[in-house]
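Engineer:
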Amino acid sequence: MKKVITYGTFDLLHYGHINLLRRAKALGDYLIVALSTDEFNWNEKQKKCYFSYEERKQLLEAVRYVDLVIPEESWEQKRSDVKEYHVDTFVIGDDWEGKFDFLKDLCDVVYLPRTPDISTTQIKQDLHVK
Ligand code: C2G
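Taken in order, the sequence shown gives residues 24 to 153; the numbers are from the numbering used here.
#1: In terms of DSSP beta bridges, what is Lys22 paired with?
#2: Quickly, what does DSSP pair Tyr134 with across the bridge? List them, please.
#3: Beta-carbon within less than 8 Å of Asn42's beta-carbon, same chain only, minus the 5 sequence neighbours each way: which residues are those?
#4: Roughly how many angstroms lie between the CA atoms of Tyr134 and His151, to the nearest whole one?
#5: Residues in the same chain with beta-carbon distance under 8 Å from Lys71, minus the five sequence neighbours each way, listed in chain order, please.
#6: Measuring alpha carbon to alpha carbon, tell me which of Val27, Ala85, Gln69 and Cys130 ends up nearest Gly51.
#7: Is any non-hydrogen atom of the ligand C2G found closer than 8 Å to the C-beta of Ser142, if you look at the structure I gave you?
#8: In the DSSP output, which residue or residues are listed as bridge partners for Ser75?
#9: Tell me the residue span of the beta strand (DSSP E) that contains Val92.
#10: Tell me whether Ser59 is buried or exposed, calling it buried when 16 or more other Cβ atoms sit within 10 Å of its Cβ.
#11: Using three-state DSSP, classify Gly121 as helix, strand or coil.
#12: For Gly116, is the classification buried or exposed, using 16 other Cβ atoms within 10 angstroms of its Cβ as the cut-off for buried?
#13: Within the same chain, show all residues whose beta-carbon is closer than 6 Å to that of Gly39, passing over the 5 residues directly before and after it, in chain order.
What follows is the structure, encoded as structure tokens:
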């Protein structure tokens, strides 16, 4: 079984996220999503999510491409996650190009083109959500 992992906040789940998840799953048989916790988002990414971790987790678990959702609580957990879950491929959008090459001794590292013209920030701005 070829296992793939990706990381993210996935707030206000949109088709850009789904495009990423679909392509990530296509690289293997089992997709793990390490979902940023509310604390990680606020402390490390200065993101205040519209949906809570539990709500974002529930949404992701309903996506056909996703097999397992685990919490992302620190920047440093990726290496141990890859080992613990016997991951073959790490995938993330190319806005992170090169940032996770340190994983290349453990697994394949794939940066996928982002879907243009859609983002959680844009949705909030368009809806005037703070
Ligand atoms: N994404 C995409 N196209 C978009 C928007 C997002 O392909 N239009 C991808 C991102 O590149 C990322 C995933 O969807 O791979 C989740 O996006 P975010 O929730 O913004 O994730 P981010 O905050 O970048 O978290 O440790 C890594 C971080 O947790 C990544």
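Positions of the beta carbon are idealized from the N, C-alpha and C atoms, including for glycine. No experiment lies behind these values; they were computed from the predicted model shown.
Structural biologist: Short version:
#1: No answer is possible for residue 22: it lies beyond the span of the chain, which begins at 24 and ends at 153.
#2: For the purposes of this step, residue 134 is taken as the residue at position 111 of the sequence shown. DSSP output for Tyr134 lists Ile115 as bridge partner(s).
#3: If you number the sequence shown from 1, residue 42 lands on position 19. Within the same chain, Asn42 has close Cβ partners Thr138.
#4: Along the sequence shown, read from residue 1 onward, the residue named residue 134 stands at position 111. Along the sequence shown, read from residue 1 onward, the residue named residue 151 stands at position 128. Roughly 31 Å separates the two Cα atoms.
#5: Here residue 71 refers to the residue found at position 48 when the sequence shown is read from its first residue. Result list for Lys71: Asn64 and Trp65, in chain order.
#6: As a first step, residue 51 must be located in the sequence shown, where it is residue number 28. The shortest Cα separation from Gly51 among Val27, Ala85, Gln69 and Cys130 belongs to Val27.
#7: Taking the first residue of the sequence shown as position 1, residue 142 is located at position 119. Yes.
#8: Translated into the one-based positions of the sequence shown, residue 75 becomes position 52. Bridge partners of Ser75: none, in fact.
#9: If you number the sequence shown from 1, residue 92 lands on position 69. Run containing Val92: Leu91 to Glu95, per the beta strand (DSSP E) assignment.
#10: Locating residue 59 in the sequence shown gives position 36, where the first residue counts as 1. So Ser59 counts as buried.
#11: Here the question's residue 121 lines up with position 98 in the sequence shown. Coil at Gly121, not helix or strand.
#12: One-based indexing of the sequence shown puts residue 116 at position 93. When all chains shown are included, Gly116 counts as buried.
#13: As a working note, residue 39 is residue 16 in the sequence shown. Here the set comprises Thr138 and Ile141.
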